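Single-structure report; data block below.
Protein chains: 2
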Amino acid sequence: MSEPNFDAIFSAIETKKPHLISLLAEAVAIPSVSAEPERRPDIVRMVEWVKKHLEQLGATCELAQPGDQQLSAGSTIPLPPILLGKLGCDPKKKTLLVYAHLDVQPASREDGWHTEPFTLTEKDGKLFGRGSTDDKFCLEGMEESGSEGLEETLKARKDSFLSDVSFTCISDNYWLGTTKPCLTYGLRGICYFTVEVAGPTQDLHSGIYGGTLYEPMSDLVWVLSQLLSKDGQIMIPGLADHVAPLTETEREMYAKMDFDHDEYAKHINTTKLLKATKEETLMARMRYPSLSVHGIEGAFHGAGAKTVIPCKVTGKFSIRLVPDMKPKVIDELVVKHLNELWAQRGSPNRFNPISDPVLITASTTPTCFSAKHLKIQLFGATAFHSGPAWLADPHGPNFQAGARAIKRVYGVEPDYTREGGSIPVTLTFQELTGAPVMLLPIGANDDMAHSQNEKINVTNLVKGTKTLAAYILELAKA
Amino acid sequence: MSEPNFDAIFSAIETKKPHLISLLAEAVAIPSVSAEPERRPDIVRMVEWVKKHLEQLGATCELAQPGDQQLSAGSTIPLPPILLGKLGCDPKKKTLLVYAHLDVQPASREDGWHTEPFTLTEKDGKLFGRGSTDDKFCLEGMEESGSEGLEETLKARKDSFLSDVSFTCISDNYWLGTTKPCLTYGLRGICYFTVEVAGPTQDLHSGIYGGTLYEPMSDLVWVLSQLLSKDGQIMIPGLADHVAPLTETEREMYAKMDFDHDEYAKHINTTKLLKATKEETLMARMRYPSLSVHGIEGAFHGAGAKTVIPCKVTGKFSIRLVPDMKPKVIDELVVKHLNELWAQRGSPNRFNPISDPVLITASTTPTCFSAKHLKIQLFGATAFHSGPAWLADPHGPNFQAGARAIKRVYGVEPDYTREGGSIPVTLTFQELTGAPVMLLPIGANDDMAHSQNEKINVTNLVKGTKTLAAYILELAKA
């Protein structure tokens, strides 16, 4: 096989910049919010939009129907279809599975957006819009769907659609900083917990009843206050024993990474981070567990003053998992600790600690690039409860191809990072295909995925497209 | 003055029972919810309805316009008019000021009501409906209005409308149990606090950032956990020094009260109350302060799982005040304690403890009874920030008249109670008129004011009307 003409491809992509932006604008304009059932038709529209574009590229597409989604109100609505695409079918070639997602987080102007979230708006070289960086930025196609049903859909196709996958690439995370690209070889997992404290049958007037009863809210804030020390250490006995020990080689990697500790502190608007050094902060994000308290259901949460004693309150927190923490073992440790705290508390209220009570919706999409050197499979959509961490070998052929692509486009060696967040489908792919998975992020760390004023830089969009193209070409050579 | 014919009056009231119930049904059908701006026209309608009834009784009415209400969204709407009524104007007679309120708490079927909340529904001798017991139950008139502006309206009329008030009667609280009537000579006051902890400029993804920063939510739940011991003791240093000492006479009063400790525990659905004995529980409600944590603004509060790190969270709690606690002093003690806790915590987040940040809306109404023995003044509406406790002498002529009325209707001596809740306008009346105030409750303690399935018993409605009539007649004799 002859060496591909990288320069010609890069210059073709450069020429297509306005087209790339207008495609992204079309995609952003479809408010495919998976958390809002009333937006479900928009997700279906998004899927159809992607399918059309894939078929124009010559892909053969299938829409898998994963069934119904159970809503918390007790009703059900159909899950959006899962789009599975194939481009090329030469059995002599390797198969690359490309994967991202097209559903987005909710967004509205009132949340603090400076522009309309579902109108792609360019300003100072940045493209603002919900989904611009998470995850609608790819060249040709992307597709969104709710959450549930992907794993089943994939398992059912283990020996067909997935049988000849040689590599998987997922582009759904971010650089460490704003200038240097990276490849990602690890993800933290997650266990989600709710702690319910129930007392009176209904809310009570704090004037009439206050002082006579054990109030569920006081019990709950105390329990939640006993999970972390004031310097952010997780206070679950035994949990630290399950964290893989740090090796010297690994420690050196953190020292070399392009990461500005002070800039990071400024970015999150604090005068003091939990950790004192760059290396410790990187390790806290990448290779150690963390615990966050997210909120309380059932208590007064509005503005102003209300004097009710809530009768039943439910605290929510989650723990990010790292190797070698197993979700089931961690669940047990946490529930044991919660029950011990409760015994200490001595309250007559009813206590119910639950691990992973609900689905945490994740989402996925096919991304596609029209390289003829590889047979490419495309598709999307998943759901997950808790999930374990993921750790890959950053020295295999998949990562080598990614690194060469980055070198070609950016002229530098990438950092090798691990991501603090969780993309559980990564593990599903690895397990079902038995082939290596790589995360190849395109966006910068200030893109504000999941938050207000999400954006992607025009340069990231264009260079990212070149990188994905070069990666496929490099992989074909491997 | 000849002895009034109590029997004839009681039997006239008995005959009018269907009329009483139909009046109450008309009043309940007007959804005069003061917390919902869109219901404001319903409050005006309620005021007009009462005014019409008062004028039919011969009262001279004035509608005072207290100005505008500032809504949290930044807009304003007009406060409802305050109705001031006079019935009789013989300067040789004493003047009784009768006071209650007509605005109600929000209510909707979905909250767990078994009947339509704004349709009075009779079942097993109980009249269910929002406002049935709080506070639309009086015979002839009642009026509702939002909150703000009453105090100013009253102050401006200190030397006119209020100049010759000899006694005040407010019927806006409840019996201790379900069978024995009481007169109430004390109320707890309230101080309301918010504690804001602010960190990042916007919400963060707990996967990407978790483990590196001091999370505001962890700081806040810890601060809130340090306000009460696990057995419900307030942990604000110095606060207990401001509580008036218990006297032996007072202790004996609690021992004599008609109150079933086990029944109370069952009523609030607990196997263990904070206090072990009837007397201690009564004192905890009536003569000791209490602290309740109401909720958190800014954190995740919905159903399901969300993995965000909230950037700014605001805890809400209040303390019920008793003699001799002065709100200003208590505010200072609490804010000092919060700041000390914060110094201990050592977090770089921004901490802002505020006392009494917002108006707590209260509400009032005129109630009227057409006795000719007294000149009666009628009216309603107030607003308050925090308010101190109130304590009256239960042995003066106002209480004696109330006790004789109860004896006539129920055949028993009333209990003399203090109420755990706050009705700050009580103090306003006492201060502006210089005359004694008495609380004369009509409803039973299971009437569920402010909660789902609020009701008043038919017997309480009828006997309460008789009691109010007898009270006015007894007061005229005093």
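These protein sequence lines are chains A and B, in that order. For the first sequence, the numbering used here gives the first residue as 1, with consecutive numbering after it. For the second sequence, the numbering used here gives the first residue as 1001, with consecutive numbering after it. Think of the CB as a built atom: it goes at the ideal place given N, C-alpha and C, for glycine as much as any other residue. This one's a predicted model, so the numbers in the text were calculated from it and none came from an experiment.
DSSP state of residue i mapped onto helix, strand, coil
| i | result |
| --- | --- |
| T1364 (chain B) | The pLDDT assigned to T1364 (chain B) is 28, lower than 50, so where the model puts this residue is not dependable, and the model offers no usable value. |
| M1235 (chain B) | coil |
| P4 (chain A) | coil |
| N173 (chain A) | coil |
| V458 (chain A) | helix |
| F1118 (chain B) | coil |
| F259 (chain A) | coil |
| T1184 (chain B) | strand |
| R1039 (chain B) | helix |
| L1162 (chain B) | coil |
| P1293 (chain B) | In the sequence as displayed, the identity of residue 1293 (chain B) is Val instead of Pro. In this structure, V1293 (chain B) counts as strand in the three-state DSSP scheme. |
| T60 (chain A) | strand |
| R1109 (chain B) | helix |
| K463 (chain A) | helix |
| Y416 (chain A) | strand |
| T15 (chain A) | helix |
| G499 (chain A) | The first residue shown for chain A is 1 and the last is 478, placing residue 499 (chain A) beyond what the model contains. |
| L1102 (chain B) | coil |
Unbroken beta strand (DSSP E) run spanning residue i, endpoints
| i | result |
| --- | --- |
| K1126 (chain B) | 1126–1128 |
| I82 (chain A) | 82–87 |
| V1329 (chain B) | Per DSSP, V1329 (chain B) belongs to no beta strand (DSSP E); it is in the alpha helix (DSSP H), 1327–1345. |
| I190 (chain A) | 189–198 |
| G402 (chain A) | Looking at the DSSP string, G402 (chain A) is not in any beta strand (DSSP E); the run it does join, the alpha helix (DSSP H), is 397–410. |
| P78 (chain A) | 76–78 |
| V98 (chain A) | 95–99 |
| Q1070 (chain B) | 1068–1070 |
Residue i versus residue j - alpha carbon distance
| i | j | result |
| --- | --- | --- |
| L1183 (chain B) | L1440 (chain B) | 5 Å |
| A449 (chain A) | G315 (chain A) | 25 Å |
| L1162 (chain B) | Y1099 (chain B) | 13 Å |
| A27 (chain A) | V44 (chain A) | 13 Å |
| V1047 (chain B) | A1389 (chain B) | 29 Å |
| S147 (chain A) | Q1344 (chain B) | Its pLDDT being 34, under 50, S147 (chain A) is placed unreliably in this model, and the coordinates cannot settle the point. |
| K16 (chain A) | V1293 (chain B) | 58 Å |
| A1405 (chain B) | Y1264 (chain B) | 28 Å |
Buried or exposed (CB count within 10 angstroms, at least 16 for buried), residue i
| i | result |
| --- | --- |
| M1325 (chain B) | buried |
| S1011 (chain B) | exposed |
| N1457 (chain B) | buried |
| L71 (chain A) | exposed |
| E248 (chain A) | exposed |
| Q65 (chain A) | exposed |
| T1467 (chain B) | buried |
| R1039 (chain B) | buried |
| G85 (chain A) | buried |
| H1114 (chain B) | exposed |
| N445 (chain A) | buried |
| I1077 (chain B) | exposed |
| S1145 (chain B) | Because S1145 (chain B) carries a pLDDT of 28, less than 50, the predicted location of this residue cannot be relied on, and no value is offered for it. |
| V412 (chain A) | exposed |
| L246 (chain A) | exposed |
| Q1069 (chain B) | buried |
Terminal residues of the alpha helix (DSSP H) in which residue i lies
| i | result |
| --- | --- |
| K123 (chain A) | No alpha helix (DSSP H) holds K123 (chain A); the beta strand (DSSP E) holding it covers 121–123. |
| P216 (chain A) | 216–225 |
| V322 (chain A) | Unbroken run through V322 (chain A): none, as it is neither H nor E. |
| Q430 (chain A) | 425–433 |
| L282 (chain A) | 278–286 |
| L439 (chain A) | From DSSP, L439 (chain A) is part of no alpha helix (DSSP H) but of the beta strand (DSSP E) over 437–439. |
| A1305 (chain B) | Segment: none, A1305 (chain B) is in no alpha helix (DSSP H) and carries neither H nor E. |
| T270 (chain A) | Taken as a continuous stretch (DSSP letters only), T270 (chain A) belongs to no alpha helix (DSSP H), as it is neither H nor E. |
| A244 (chain A) | Neither: A244 (chain A) is in no alpha helix (DSSP H) and is coded neither H nor E. |
Whole-number beta carbon distance between residue j and residue i, since they are thought to touch under 8 Å
| i | j | result |
| --- | --- | --- |
| G58 (chain A) | L87 (chain A) | 6 Å |
| I268 (chain A) | L1204 (chain B) | 7 Å |
| G1189 (chain B) | S1422 (chain B) | 6 Å |
| I354 (chain A) | F193 (chain A) | 7 Å |
| L1176 (chain B) | M1257 (chain B) | 6 Å |
| L1220 (chain B) | V1335 (chain B) | Going by Cβ atoms, the distance from L1220 (chain B) to V1335 (chain B) rounds to 16 Å, so no, they are not a contact pair. |
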